[in-house]
Amino acid sequence: MKTSFSPFPSLKTERLLLRPLEESDAPEILVHRSDERITRFTDSPKALDLDAALLFILSIQERIENGNSAVWAICLHGEDKLIGTICIWNFDPERSVAEVGFTLHPDFWGQGIATEALAAVIEFGFSQMEAEVLEAAAQHENFASIRLLERVGFVRIGKEDAYTIFALCRPPLGSMVLETERLQLREIMPSDAPFLLELLNSPGWLKNIGDRHVRTVEEANKYLIYRIFLVCRTKGFSFYVLQKKLSNERVGICGLIKRDFMECVDIGYALLPTYYRQGYAIEAAQGVISYARQHLKLPSLAAIVVETNLPSINLLEKLGMGFERKIAVPPDGEELMLFSMDL
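Position 20 (the sequence shown) corresponds to 51 in the numbering used here; numbering is contiguous.
Okay, here's the thing in structure tokens:
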């Protein structure tokens, strides 16, 4: 993820110019950081005088120069006066994640200005910074910001203290990865959250894979974004949604994962109970193995399974995988059977 830009760019929209903050913005910054209508929804300390406002601007300029933030003044076309600020900050380059935030003077509320500015910054975050996920936080009572975030596509992923937390995935979403005779395997996307919630709490998953403590759609959104989608985008493979070609019914998931405690990539799968014993698991797994061999050029694959999961053990053997040894799996040292195969 790119976090350094020189010179720092301005962004233009139909009505707005988003430009770098300047020292001459201190009077407007003082207003924005002292107006109770604005500060009630932020944790930032109030600016008590022009010197404090100027120090804030200088600190922002330093953070931009060091590649730690991207902050713009929101201005109307033809007017240099700052009417709001918008930023991308809280960078996590290793995961390609960053956070967006904005303020707008109350005189300009309800005119679509924040939506217009946010759309431009989202585009910058995905196309120029190459972020995979953008996050946002809004206080529970900040209903206008919550509506705005959901209107532009952010989904709720949980709550922290006084804030509702949101996330937005970089498009395109749901890209098709491969097809089998009856199935399509595609990238997961936020609209799959209810399906994933059902799958993670199905009897087979809880018994043979484990409880992921995902009980709400918000928690399912968080799981699919950070445990599945983000892994796919940053490592080149992950678990994919299985859907029927003819009906687009979601059957389960199947895909690849590189676990820290294992030497090679391993394959995994899970189906909703309705689709057991119909050959979907082996069909999907065979497709993923071919994908790993032909597209990813992986030299080998592994799989781990609890010894009581006889259907999965039989499936692994049908795929051509052989039992290698038992391994202790972190963090609790659970002993699982390790299967492997050369590609």
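Beta carbons are placed, not taken as given, at the ideal position from N, Cα and C, and that holds for glycine.
Everything numeric in this text was worked out from a predicted model, so none of it was measured.
Out of A150, Q170, A198, A333, the CA that lies nearest to the CA of E45 is found in A150. If you compare the alpha carbons of T305, A359, K357 with that of E280, the shortest gap goes to T305. Restricting attention to beta strand (DSSP E) runs no shorter than 3 residues, the region 216-295 encloses them at 270-275, 281-288, ordered along the chain. Assignment of Y322 by DSSP, reduced to helix, strand and coil, places it in the helix class. For G267, the closest of T211, N252, L287, S278 by C-alpha to C-alpha distance is L287.
Between the alpha carbons of R213 and L227 lies a distance of about 21 angstroms.
Taking the Cα of Y194 as reference, the smallest distance to any Cα among V336, A167, L61, C285 is reached at A167.
Membership of D82 in any beta strand (DSSP E) is not indicated; the residue belongs instead to the alpha helix (DSSP H) covering 81-96.
V282 is a Cβ neighbour of L303, given a cutoff of 8 angstroms. W140 is positioned such that its CB atom lies no closer than 8 angstroms to that of I117. According to the DSSP assignment, R64 belongs to no alpha helix (DSSP H), since it is labelled neither H nor E. Residue state for K43 is assigned as strand, using DSSP reduced to three classes.
Annotated three-state conformation of L48 is strand, per DSSP. For the pair I358 and A334, the CB atoms are not nearer than the 8 angstroms cut-off.
Inter-residue distance for D56 and L49 is about 13 angstroms (C-alpha atoms, whole angstroms).
Where I344 is concerned, the enclosing alpha helix (DSSP H) starts and stops at 341-349. Shown here, A167 sits in a strand according to DSSP, grouped into three states.
Just so you know, the alpha carbons of D66 and G132 end up roughly 17 angstroms apart.
Close CB contacts of F292 within its chain, under the 6 angstroms cut and outside five residues either way in sequence, are with P361 (chain order).
The DSSP-derived three-state label of Y306 is helix. In the DSSP assignment, F174 falls outside any beta strand (DSSP E) and within the unbroken alpha helix (DSSP H) covering 174-182.
It is roughly 12 angstroms from the alpha-carbon of V186 to the alpha-carbon of D223.
In summary, S321 is exposed, with fewer than 16 beta-carbon neighbours lying within 10 Å of its beta-carbon over all protein chains present. Closest option to D123, judged by alpha-carbon separation, among T265, K190, S206: T265. Setting aside the 5 residues that flank it on each side, L199 is surrounded in the same chain by L165, G184, F185, each with a C-beta closer than 6 angstroms to its C-beta; the list follows chain order.
Rounded to the nearest whole angstrom, the C-alpha separation of W120 and M207 is 32 angstroms.
Burial check for Y307: the Cβ neighbour count within 10 Å stays below 16, so the residue is exposed.
With contacts defined as CB atoms closer than 8 angstroms, H136 and H63 qualify as a contacting pair. Between the alpha carbons of M352 and V296 lies a gap of roughly 13 angstroms. Sequence-distant Cβ neighbours of P221 in its own chain, meaning closer than 8 angstroms and more than five residues away, are V186, C200, L204, N252, L255, I256. A direct Cα-Cα distance of roughly 26 angstroms separates Q215 from N340. Judged by DSSP in its simplified three-state form, L332 adopts strand.
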